[in-house]
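Residue numbers (the working numbering): 12 to 322.
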């Protein structure tokens with residue numbers, strides 16, 4: 012069955028909630044007034060950007076603040092993202108709609124905001140939803156459900172299908188290459204790196220499975236061509252025999268993301284998405300679903316090791 016859905020609210024079509032550890036919006040925007048500086052703390056390089064934005068939500072129970080920020084030149088397009096903060100003093104008195112100037116601190120593996128200063132107040136206009144696209148009507152999947160087959164094209168231009176990995180533990184996550192913030196898409200891929208290293212070491216020592224595979228699926232097929240995915244994949248140490256970077260037809264991406272509660276929106280160059288990582292067991296059933304970005308490579312490797320033994 013095929014239905015029409017608003018282009019700006021594809022995926023599961025629900026809004027971010029406090030239960031979602033990580034969501035992000037990517038939007039093309041005019042360049043903001045920003046500057047960058049670098050510092051070293053305990054041997055770790057920290058790059059800092061001065062950024063303007065508007066507060067969307069303060070999640071004090073999670074030590075996160077959601078800010079719709081302007082573009083950061085030479086780093087990131089305008090986005091709406093939940094950022095970690097380290098001092099509660101930074102968010103004291105802030106409410107949705109407050110215009111702020113803040114410092115974004117970024118390392119290779121982490122990022123947070125600091126020195127948040129209110130500069131005014133802005134009433135956010137509701138987004139315009141004009142375009143539509145065709146989507147498949149699918150049912151949500153839960154642990155124990157049989158995984159339907161989906162086909163994609165990997166970074167080498169080869170067609171791959173989920174059914175190709177029947178008999179293996181399969182993990183897939185959802186990314187797009189224009190997402191640079193280390194807590195989001197890059198973290199999903201680095202977690203895949205870490206889990207792969209753990210499983211590879213176990214296999215080499217003879218105390219772990221050899222039947223495992225990873226797929227990083229882009230939900231931005233218009234931009235993330237096989238050629239771009241290939242260039243992007245080379246920034247990670249990955250074994251193409253065990254890990255694919257792939258994308259596919261939007262109608263299929265809509266369907267698979269909706270089945271696991273991943274939402275993403277695309278409207279006039281804007282991306283809004285949360286995070287899901289899924290483990291499929293060797294029998295082709297859903298074994299585990301990681302929500303958000305706070306899971307560790309060791310957790311994924313452990314779930315895949317269990318999934319690999321299922322008959």
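Using N, Cα and C, we set each Cβ at its ideal position, and we do this for glycine too.
> Taking just the CA atoms, how far does residue 118 sit from residue 257?
Replying inline: Each residue's Cα considered, the two are about 27 Å apart.
> So what does DSSP say about residue 61, is it helix, strand or coil?
Replying inline: Look at residue 61 here: in three-state DSSP terms it is strand.
> Where does the unbroken alpha helix (DSSP H) through residue 178 begin, and where does it stop?
Replying inline: Segment: none, residue 178 is in no alpha helix (DSSP H) and carries neither H nor E.
>> Do residue 313 and residue 293 count as a contact pair if the criterion is CB distance below 8 Å?
In response: No. Outside cutoff.
>> Which runs of the alpha helix (DSSP H) at least 4 residues long sit entirely within the region 242-291? Give them in chain order.
In response: Counting only runs of 4 or more, we get 261-270.
> Touch check for the region 93-104 and the region 149-156: three-plus C-beta pairs under 8 Å?
Replying inline: Segments in contact, no.
> Applying the criterion that 16 or more other CB atoms from any shown protein chain within 10 Å of the CB defines a buried residue, is residue 115 buried or exposed?
Replying inline: It counts as buried.
>> Can you list, in chain order, the residues of its chain with a C-beta nearer than 7 Å to that of residue 164? Leave out the 5 residues immediately preceding and following it.
In response: Setting aside the 5 residues that flank it on each side, residue 164 is surrounded in the same chain by 170, 237, 257, 258, 259, each with a C-beta closer than 7 Å to its C-beta; the list follows chain order.
> Near residue 288, which residues of its chain fall below 6 Å by C-beta distance, leaving aside the five closest residues on each side in sequence?
Replying inline: Only 184, 301 meet the Cβ criterion.
> What are the partner residues of residue 219, as DSSP defines its beta bridges?
Replying inline: Beta-bridge pairing links residue 219 to no other residue.
> DSSP state of residue 197, grouped into three classes?
Replying inline: It is helical.
> Would you report the Cα separation of residue 243 and residue 188, rounded to the nearest angstrom?
Replying inline: Distance between the alpha carbons of residue 243 and residue 188 is about 7 Å.
> residue 168 to residue 315, Cα distance in whole Å?
Replying inline: The straight-line gap from Cα to Cα measures roughly 27 Å.
> Excluding sequence positions up to five away, which residues of its chain have a Cβ less than 6 Å from the Cβ of residue 51?
Replying inline: Caution is warranted here: a pLDDT of 47 is assigned to residue 51, below 50, making its placement in the model unreliable, and no coordinate value can be reported.
> By Cβ distance below 6 Å, which residues in the same chain neighbour residue 310 in space, the five residues on each side in sequence not counted?
Replying inline: Counting only Cβ-Cβ distances below 6 Å, and skipping sequence neighbours, we find nothing.
>> With a threshold of 8 Å on Cβ separation, who are the neighbours of residue 263 within its own chain once the five nearest residues in sequence on each side are excluded?
In response: Non-local C-beta neighbours of residue 263 in its own chain, meaning closer than 8 Å and more than five positions away in sequence, comprise 147, 161, 162, 163, ordered along the chain.
> Touch check for the region 56-73 and the region 105-113: three-plus C-beta pairs under 8 Å?
Replying inline: The region 56-73, when compared against the region 105-113, does touch it at the 8 Å Cβ threshold.
> Between which two residues does the alpha helix (DSSP H) containing residue 358 stretch?
Replying inline: A query on residue 358 cannot be resolved here, the shown segment of the chain reaching from 12 to 322 and no further.
>> Taking the straight line between their C-alpha atoms, what separation do you get for residue 41 and residue 82?
In response: Residue placement at residue 41 is flagged as unreliable, the pLDDT there being 37, under the threshold of 50; the coordinate-derived value follows with that caveat. Rounded to whole angstroms, residue 41 to residue 82 spans 6 Å at the Cα level.
> Relative to the alpha-carbon of residue 71, which residue among 57, 246, 97 has its alpha-carbon at the smallest distance?
Replying inline: The shortest C-alpha separation from residue 71 is found at 97.
> Which partner residues of residue 131 appear in the DSSP bridge assignment?
Replying inline: Paired residue(s): 110.
>> For the beta strand (DSSP E) containing residue 294, name the first residue and the last one.
In response: No beta strand (DSSP E) contains residue 294, which DSSP labels as neither H nor E.
> If you draw a straight line from the C-alpha of residue 90 to the C-alpha of residue 79, how long is it?
Replying inline: Taking the straight line from one Cα to the other gives about 6 Å.
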